[in-house]
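Engineer: Protein chains in written order, with the working numbering: chain W, 3 to 335; chain C, 49 to 246; chain Z, 23 to 773. What follows is a structure written as structure tokens; I'll ask about it next.
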């Protein structure tokens, strides 16, 4: 690991001012990605600014009935919070299926959204990777790509986004609150994650030093009937091969509202809007679910080893929908 | 966790001297330190150590290489095995992905801090009783997770125990015996739970 | 057979206290004064030449003491030659030592070594070493080298012939009414003990002390001494705690010697610990492999012919394949057998032992094929096995030294509830929601290897009534140290709590490396011999001592209990060992025992047998497999400690689960390196993957293998476990899974 300097920020304002003014400084929150990346040499800051003492770790109910998750709230605390459990069960499920208990105690919500991809070509310093070294190529295209993405890919990058929590949050239309040198702003969740396109090195539409201070969850009754299904080789402590976060509202057997996120198969937390549209007004049953999944995966681009993910993503989505539909049956969500 | 006691680990003489509980880096307004080595105050198992280290030194390497606290193990150094599990401020975390300097002002507890003198923690006893270990290399991490799991209340049934112990890989695959040890502590009246609270 | 009280007891592990308190020190955790750190730089290319090494940036980096490479590292004193550690002599893991010239044979080969005052500085400087390569064409997989395969003369370090024939396979196949042919592919595997291999080297003048992570301290001593060109007596190896091994620490790899060379160079103690990624290319692996099996059988299930070919990549220096044909050759009474090992030269290091080396893969093939045959013939899989039971060793016709397989089948079937099994292998015949249920079984066999060297131990009794027993062996988590105490106590007539064990040090009497499930047999034989000798010596002393109440008694009439010698039938007449020693102004008594193994040609077939049963739940939509329960019944001869033996067998069975469903190292097809050298990507089972495991041991008397009849439990638990799981999958889904691991994409029902 290269050497670097360290400082500990005392308040949000000075932290943001400090890092914004210094392109060689980076934030250090839970460290579960940052320390790993430092050790791999993928990030090479002159200094890390430890923000763990900043007062942005609270989980609060908002006046409008929404819920605010502090940027430094730990995954474990958010997952266990009674309001989150009750109103957004898929968020709790997604969080608790991520990583391990130890890592969830460390990782912050902001850090979870900012985590880097697990592509081994990105992590390994001397292999072609456009994300790590723009213009160097993508060794994953014809390499060992079993875990890579089939949605949202480009010829420049096929790395799958690793977060579970973000899959649930995108389905919720959460809002990300950022603090920059110019003050506060908000970004819609889906807009916060950029597709790789021809610039996979750019992952978020934010400036250097902008800090995630909070993630706001909107009032969303349908989210009370929601579920996160994660498929992976082993039962625990592994990233998703495919996952689906589903919230479903039905009335008299007809879908009134569907919110779906897909994970493990896309280059960003994937909002399955085509599937949602296909479902709207349909009868909540296997045929509509299958149609919706087909619609969402219609443009999927499989590679050498990950072809199974197209079908697996569909089945995961259908299974999650079926599970939630069973819960809503006989009443409104 | 029993209350911090100075000199309890017996390592103070080796690694530094015992000093009163210190202010955090922020409180002392030290500003930027490093990249060259700087003095950092680490509270480990109730003993405060003054350690000279670079900011890049992980908590795991600070414990093992600087303080000679070798209970926390290095199995992967990238958060994929759990052998380095320790508690920071009472929460189980991975020491390999934690910078030592970021632990100034926090309480670090390792497996060496579990027993009360010569008296083993009930979870340690249960691991011995149930042969919940073979080669022993993952064992310190398993223990720190198992005691934390009791505190967290994730011990309702075997499925829950298994899931919440899955961040600690045991290549010898003593898993069923680890679950049995945890059940034994759970069913013996939650003594570990009381002792686990700081 | 009556089981003596100390042997067999489930006494807690002798080292458990040290392990649960963090006091146990592993090889990288010894801190001699002034110790510094070495870090390896490994080749990024799989083949070619080093054209330049630029150490200039590393050398000026803070704290750096040396950068060593083929340009300045001394030449080794001898060309290493691979010999399996069971032989008890040098145990080079491959016939190659790195950093001797510019040639690159495999990716991950060490090309330089940086020594610095702290670990962080050594790690960082290692990143600064610039290495230029002229890359050359390479082969790393079966598919890349298939056209150039050749039939091996010998494999496994020369221990196993490349071809085995018995009877007439063509005639056997002509006689068959059913012929099954199947091809099975296995991904490469890595041991991934949680402790990465490490060594700490300390020189004092011409004497070297090595704290090494090894299954055999003597093997390290002899190997390192040969490479350094120093007398073995100048090398002491200490290896009290070893953080798992599974074969990855059975052979002696380059790093302990490199640590010693670095320590010599910088004139300070050096710790060299491999990173997790480096262990993938520096401590061997189980090779990728492809097996093709042809079975011929009559309609009653009787086997008439077995033809077997295995194809696998080996290194450029050694003809290595794990001996996978053993189970097919030894399990069943089939008169006609032909087995061939084909090899491909590849740019990998020499593959090595990995738990159940050969038997793990070979049993998967023969035992899934037998399941298939049973289904074809409409027979119960267990019944088919009974019909082909080998009453004598099919390879030699020799009688078995002991067997117990029929008893294992019967007891396993009873425990598991096999006989109430619904035989239909139909998808969905047994269902719980999305989960289809199935059960399967398989046989297990593992050879009892004969060690070659005399096995020695020392026993000592003190006047205070305590005893010490010593052997040089390491305890890699098996419980070897614990059973040493029990065996000594038994022979001395003491409680095992009164016996202290010393082990893991070449200064102690020599025993063979803990390999091939032979450790317990060898160590127990040595300890039993030493302790029995000491007991007889003490009894003889008492009988000759006029001050003893036993003076002049018949030695055959003496019994010893809890350290007290007395006349049989007259317990009041006697005295404790300590009493006698004290009266004679001696504070201890000691004996060294040496057991000479019988050699390879005992005239018996020697193997351990068992029966495996598994129940799986399969979600064919999502491709998920969950193992719900496993039952294993084994006949490992004498059981020295029920508790530690149970753990070994349970661990082995769960290794079978990992082998069946998770474990795979992939070769990067364009770069010729392992693509997933991490515990995040090489998936081993986690707690949530593992069901409770039912293990039972049926003791069988064996008077051939060693004095106590110990056949070993280190590997038999894994053999057949993966086959039982795959057979259960067939039962659940009606589909055959022939390749390992069985992945989600293969289990997902076709769209």
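Beta carbons: idealized from backbone N, C-alpha and C, even for Gly. In this text the structure is predicted, and so the values were computed from the model without any measurement.
Just curious, the alpha helix (DSSP H) that residue 291/W is in, first and last residue?
Structural biologist: Residue mapping note: residue 291/W aligns to position 289 of the first chain, counting from 1. Element bounds for residue 291/W: 288 to 298.
Engineer: Taking 7 Å as the limit between beta carbons, can you name the residues of its chain near residue 107/W, skipping five residues before and five after?
Structural biologist: One-based indexing of the first chain puts residue 107/W at position 105. 76 and 78, listed in sequence order.
Engineer: Counting pairs of beta carbons, one from the stretch 56 to 74 of chain W and one from the stretch 142 to 156 of chain W, are three or more of them closer than 8 Å?
Structural biologist: Too few Cβ pairs lie closer than 8 Å, so no.
Engineer: Quick one: does residue 230/C have its CB under 7 Å from some CB of chain W?
Structural biologist: For the purposes of this step, residue 230/C is taken as the residue at position 182 of the second chain. With 7 Å as the cut-off, residue 230/C does not count as an interface residue toward chain W.
Engineer: Out of 212/Z, 290/Z and 154/Z, state which residue places its alpha-carbon closest to the alpha-carbon of residue 58/Z.
Structural biologist: Mapped onto the third chain, residue 58/Z falls at position 36. Looking at the Cα atoms, 290/Z is the closest of the given residues.
Engineer: Return the residues of the stretch 213 to 241 of chain W that lie within a Cβ-Cβ distance of less than 8 Å from chain C, sorted by chain order.
Structural biologist: Correct list: 237, 238 and 239.
Engineer: Counting C-beta neighbours from all protein chains within 10 Å, is the total for residue 546/Z 16 or more, i.e. buried, or is it exposed?
Structural biologist: Numbered from 1 along the third chain, position 524 holds the residue referred to as residue 546/Z. Looking at its Cβ environment, which holds 16 or more other Cβ atoms inside 10 Å, residue 546/Z is buried.
Engineer: For residue 308/Z, name the three-state secondary structure that DSSP assigns.
Structural biologist: Within the third chain, numbered from 1, the residue matching residue 308/Z stands at position 286. Reduced to three states, the DSSP call for residue 308/Z is strand.
Engineer: If you measure beta-carbon to beta-carbon, which residues of the stretch 24 to 50 of chain Z are closer than 9 Å to chain B?
Structural biologist: The chain inventory of the structure shown lacks chain B, comprising the protein chains W, C and Z.
Engineer: Kindly give me the distance between the Cβ atoms of residue 410/Z and residue 327/Z, rounded to whole angstroms, as I take these residues to be in contact under 8 Å.
Structural biologist: Looking up residue 410/Z in the third chain gives position 388. Looking up residue 327/Z in the third chain gives position 305. Rounded, the Cβ-Cβ distance is 12 Å, inconsistent with contact.
Engineer: Can you tell me whether residue 580/Z is helix, strand or coil according to DSSP?
Structural biologist: Along the third chain, one-based indexing puts residue 580/Z at 558. Reduced to three states, the DSSP call for residue 580/Z is strand.
Engineer: For the stretch 270 to 280 of chain Z against the stretch 243 to 255 of chain Z, are there 3 or more C-beta pairs whose distance is under 8 Å?
Structural biologist: Judged by Cβ distances under 8 Å, the stretch 270 to 280 of chain Z makes contact with the stretch 243 to 255 of chain Z, as three or more pairs qualify.
Engineer: Just mark residue 505/Z as buried or exposed, buried being the case when its beta carbon has 16 or more other beta carbons within 10 Å.
Structural biologist: To locate residue 505/Z, count along the third chain from 1; it is residue 483. Per the 10 Å Cβ criterion, buried.
Engineer: Which residues does DSSP list as the beta-bridge partners of residue 802/Z?
Structural biologist: Since the first residue shown for chain Z is 23 and the last is 773, residue 802/Z is missing from the structure and cannot be characterised.
Engineer: Can you confirm whether the stretch 106 to 123 of chain Z touches the stretch 368 to 377 of chain Z when touching is taken to mean that 3 or more C-beta pairs between the two stretches lie within less than 8 Å?
Structural biologist: The answer is yes - the stretch 106 to 123 of chain Z touches the stretch 368 to 377 of chain Z, with three or more Cβ pairs under 8 Å.
Engineer: Take residue 154/W and list the residues in its own chain whose beta-carbon comes closer than 8 Å to its own, dropping the five residues that flank it on each side.
Structural biologist: Mapped onto the first chain, residue 154/W falls at position 152. If we look at residue 154/W and ignore the five residues flanking it on each side, its Cβ neighbours are 197, 198, 268, 269, 270 and 272.
Engineer: Contact between the stretch 309 to 328 of chain Z and the stretch 191 to 210 of chain Z: three or more CB pairs below 8 Å?
Structural biologist: Segments in contact, yes.
Engineer: Regarding residue 365/Z and the ligand COA, is the C-beta to nearest heavy atom distance less than 6 Å?
Structural biologist: Ligands in the displayed structure: none, and consequently the ligand COA is not present.
Engineer: Taking DSSP's pairing of strands, which residues face residue 477/Z in a bridge?
Structural biologist: Translated into the one-based positions of the third chain, residue 477/Z becomes position 455. DSSP lists 617/Z as partners of residue 477/Z.
Engineer: Taking only beta-carbon atoms, is residue 456/Z less than 7 Å away from chain C?
Structural biologist: Against the third chain, residue 456/Z aligns to sequence position 434. It does not; no Cβ of chain C falls within 7 Å.
Engineer: Quick one: any contact between the stretch 724 to 731 of chain Z and the stretch 683 to 694 of chain Z, if contact means 3 or more CB pairs under 8 Å?
Structural biologist: Output reads no: the stretch 683 to 694 of chain Z does not touch the stretch 724 to 731 of chain Z.
Engineer: Quick check: what's the CA-CA separation for residue 457/Z versus residue 737/Z?
Structural biologist: What you label residue 457/Z is simply residue 435 of the third chain in a count that begins at 1. What you label residue 737/Z is simply residue 715 of the third chain in a count that begins at 1. C-alpha separation (whole angstroms): 31 Å.
Engineer: Taking three-plus beta-carbon pairs below 8 Å as touching, is the stretch 742 to 755 of chain Z in contact with the stretch 620 to 639 of chain Z?
Structural biologist: Yes, they touch.
Engineer: At least one CB of chain Z closer than 7 Å to the CB of residue 134/W: is that the case?
Structural biologist: For this step, residue 134/W is matched to residue 132 along the first chain. Residue 134/W does not count as touching chain Z.
Engineer: Just verifying my parser: in three-state terms, what is the DSSP assignment at residue 390/Z?
Structural biologist: To locate residue 390/Z, count along the third chain from 1; it is residue 368. In the structure shown, residue 390/Z sits in a helix (DSSP, three-state: H, G or I).
Engineer: Residue 738/Z versus chain C: which residues are under 7 Å apart at the beta carbon?
Structural biologist: The residue you call residue 738/Z lines up with position 716 of the third chain. Simply none; closest approach about 15 Å.
Engineer: Can you pull the chain W residues whose beta carbon is under 8 Å from the beta carbon of residue 150/C, in chain order?
Structural biologist: In the second chain, the residue the question calls residue 150/C occupies position 102. Ordered by position in chain W, the residues that pass the 8 Å Cβ test against residue 150/C are 8, 10, 30, 33, 52 and 54.
Engineer: Does the Cβ of residue 319/W have 16 or more other Cβ atoms within 10 Å, making it buried, or fewer, making it exposed?
Structural biologist: Within the first chain, numbered from 1, the residue matching residue 319/W stands at position 317. Buried: at least 16 other Cβ atoms inside 10 Å.
Engineer: For the 8 Å Cβ check, are there 3 or more pairs between the stretch 217 to 227 of chain W and the stretch 33 to 43 of chain W?
Structural biologist: No contact exists between the stretch 217 to 227 of chain W and the stretch 33 to 43 of chain W.
Engineer: I'd like the list of long-range same chain contacts for residue 404/Z, defined as Cβ closer than 7 Å, with 5 residues on each side in sequence excluded.
Structural biologist: Translated into the one-based positions of the third chain, residue 404/Z becomes position 382. Taken in chain order, the residues that qualify are 431, 435, 440 and 463.
Engineer: What residues in the stretch 84 to 117 of chain W have a beta carbon less than 7 Å from any beta carbon of chain C?
Structural biologist: The residues in question are 102, 103, 104, 105, 107 and 108.
Engineer: Here's the rule I'm using: 16 or more other beta-carbon atoms within 10 Å means buried, otherwise exposed. How should residue 199/C be labelled?
Structural biologist: Taking the second chain and counting its residues from 1, the one referred to as residue 199/C is at position 151. Flag for residue 199/C reads buried.
Engineer: For the pair the stretch 33 to 44 of chain Z and the stretch 152 to 165 of chain C, tell me if three or more CB-CB distances fall below 8 Å.
Structural biologist: Yes, the stretch 33 to 44 of chain Z is in contact with the stretch 152 to 165 of chain C.
Engineer: Under three-state DSSP, which class holds residue 217/W?
Structural biologist: As a first step, residue 217/W is located in the first chain; it is residue number 215 there, counting from the start. Residue state, collapsed to three classes: strand.
Engineer: From the beta carbon of residue 690/Z, is the nearest beta carbon of chain W less than 7 Å away?
Structural biologist: Counted from its first residue, the third chain places residue 690/Z at position 668. At least one chain W Cβ lies under 7 Å of residue 690/Z.
Engineer: For residue 84/W, is the classification buried or exposed, using 16 other Cβ atoms within 10 angstroms of its Cβ as the cut-off for buried?
Structural biologist: Sequence index remark: in the first chain, residue 84/W carries index 82 (1-based). Residue 84/W comes out exposed.
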